[in-house]
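In the working numbering, the protein residues as written are 15 to 668.
Report on the structure given below.
The structure is reproduced here in structure tokens:
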């Protein structure tokens, strides 16, 4: 609604508030007010010092018309939150102005009050409603509130009258205060049309897909949920309004998009799940491609986009030593690969007397990201299988079996231990063995191998993933991926002096000349042992036999020839399913006459069916808690020792 002067009423309200003092008192302004109505079509000029306020009022409407052709700008949102108290302050200011106006009317000339009072009545605003924002610019509200005391000081009660220069300054202040409004968009029908308030800066993007090669088990967004962000924006207007607290939006308080997003579970690493998918009963047990199948292709692609899992396989003959290495990081977590593996399988021959302590040390080294899926023992043969804790739901029940190759001995030092399970749709078999020792007992070691593949009764309850390619006489044919590791005790068919000379000539791990005399390499090439198995290229020095605590080979009277007794071999039903990444030994662990040997593999996975016995997330919880507690205690002790060293001082007594 427009006033007689041509101003929008809400703009006139702000203008009147800024003129509470001498502008109302001045009789010249009242007389010029009538002339301003008649000369509304004249050209206005910028106010000058000494110009009466009536001339300023006269020029403002023309300036308004002239600025209609100026290019519109988008106003910025208020920098400060507008709280509920703003309305009460505005109402208080209006009441003060009303009382001040009443007192001034009684002091004016009664002959001229009618015309000026009429204009004031037209310009007087209605009291603002409580709790409702004023239609004026917030900056104008603040200016009007701050100018109220000045206006009171400029009134005739405190001072006689303001001069013409003061009126000119006030006109300049009015123009600058309303500059943003007057230079805004053009007025249509006497009412301002402001564009939609947009943020000064674009909102930061929210990345939903967090799958990466560095975090192999990171979740991804399902293909049917890729439109989740678009759906949320269409449904709720903006993503942050879907699950954020409505109180943050209703009371006018400003809030940040990132902060509200962080409070919502739908933007965590976990994949958002629609309620209609949870209500669906279309899932079929045993289907490879069923939506929602735990072992199906959908889940497999989420956790392993390239369908490859990293596996660490290690073997170590501990020689029955009670003393364990102080640090196993160099053994389980070598520095060459950038990332840790998804699964760790460690086989031990002639293990330490305290098997539980050994497993606790493994858990302590691997940390809270891994859990013990299963462990088994056969005499002094130990095997432990650790897996990342978020992958335990995709494992079947774990089964194991043992074979003894030396019946006469009461202590089972020679034999084999096998552990098998199905991960998604790929079946795994891990075997650790300790074959007969002796330089010339190659045939006995072949017999140990043949007895193991025939007597190892696996699998038991978990079904074979491909029974048409299995053989009842060979356990290694009943699984997709097989890893066999241990102390095979195959030696080098060469005397000690020749082997030492070759090692001294090639200190940079060029051991190709030694492998010519390796018994296992020769037997595998003939096909008499480990049929269908492969071994990665060897680039490390022989792992047997060392003096305990030293880097030198056997210096006793027996002068045993250094040999590659500790090996890791693998076999797959499908070609190129297993890729060897690294094959090496750990020379820093010197508590035994054997050096640990490990290998890193990339293994291809296939989707599976849920109609198999599932482990349902089962793991050794007690071991997990003990290992993590000990890991924390060691770290605290280490920091305390470092603190004591920094605070300690050396005193000398003379």
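Yeah, the Cβ is synthetic: ideal placement off N, Cα and C, and Gly gets one too.
Cβ distance (whole Å) where residue i is taken to contact residue j below 8 Å
i	j	result
residue 409	residue 435	5 Å
residue 329	residue 544	The pair is not a contact, with the Cβ atoms about 15 Å apart (cut-off 8 Å).
residue 626	residue 476	6 Å
residue 553	residue 525	7 Å
residue 605	residue 335	5 Å
residue 483	residue 490	Going by Cβ atoms, the distance from residue 483 to residue 490 rounds to 11 Å, so no, they are not a contact pair.
Per-residue burial, residue i [other beta carbons within 10 Å of its own, 16 or more giving buried]
i	result
residue 494	buried
residue 63	Residue confidence is low: residue 63 scores 46 on pLDDT, short of 50, so the model does not pin down where it sits. Its coordinate-derived value is still stated next. Answer is exposed; the Cβ neighbour count stays below 16.
residue 496	buried
residue 515	exposed
residue 217	exposed
residue 447	buried
residue 457	exposed
residue 654	exposed
residue 353	exposed
residue 387	buried
residue 331	buried
residue 343	exposed
residue 660	exposed
residue 481	exposed
residue 341	exposed
residue 538	buried
residue 382	exposed
residue 651	exposed
residue 289	exposed
residue 561	exposed
residue 556	buried
residue 163	Here residue 163 scores only 41 on pLDDT, less than 50, and its place in the model is too uncertain to base an answer on.
residue 90	exposed
Residue i versus residue j: straight-line alpha-carbon distance, rounded
i	j	result
residue 365	residue 601	19 Å
residue 438	residue 460	34 Å
residue 622	residue 312	10 Å
residue 479	residue 649	45 Å
residue 534	residue 505	8 Å
residue 441	residue 587	10 Å
residue 656	residue 419	51 Å
residue 376	residue 527	36 Å
residue 401	residue 373	14 Å
residue 519	residue 566	16 Å
residue 293	residue 284	19 Å
residue 573	residue 347	33 Å
residue 455	residue 618	37 Å
residue 609	residue 467	27 Å
residue 350	residue 571	37 Å
residue 486	residue 473	11 Å
residue 397	residue 445	9 Å
residue 363	residue 320	35 Å
residue 643	residue 379	12 Å
residue 595	residue 589	16 Å
residue 414	residue 399	12 Å
residue 318	residue 593	16 Å
residue 636	residue 645	14 Å
residue 591	residue 546	13 Å
residue 242	residue 287	Its pLDDT being 48, under 50, residue 242 is placed unreliably by the model, and nothing is read from it.
residue 314	residue 214	43 Å
residue 65	residue 219	For residue 65, the predicted structure reports a pLDDT of 49, less than 50, and the residue's modelled location is therefore unreliable. A value from the coordinates is still provided. So the alpha carbons of these two residues sit roughly 54 Å apart.
Residue i vs residue j beta-carbon contact at 7 Å
i	j	result
residue 417	residue 470	yes
residue 392	residue 431	yes
residue 658	residue 580	no
residue 406	residue 357	no
residue 463	residue 532	no
residue 309	residue 551	no
residue 548	residue 584	yes
residue 613	residue 597	yes
residue 559	residue 607	yes
residue 603	residue 339	yes
residue 369	residue 385	no
residue 616	residue 322	yes
residue 390	residue 433	yes
residue 503	residue 451	yes
Ranges of the alpha helix (DSSP H) found wholly within the region 407-448, counting only runs of at least 4: none
Go through the region 487-528 residue by residue and report every complete run of the alpha helix (DSSP H) that reaches 4 residues or more, in order. 510-519
Tell me the start and end of each unbroken beta strand (DSSP E) in the region 571-649 that is at least 3 residues and wholly inside, in chain order. 580-586, 592-599, 611-618
Residue ranges of each alpha helix (DSSP H) within the region 314-354, 4 or longer: 343-346
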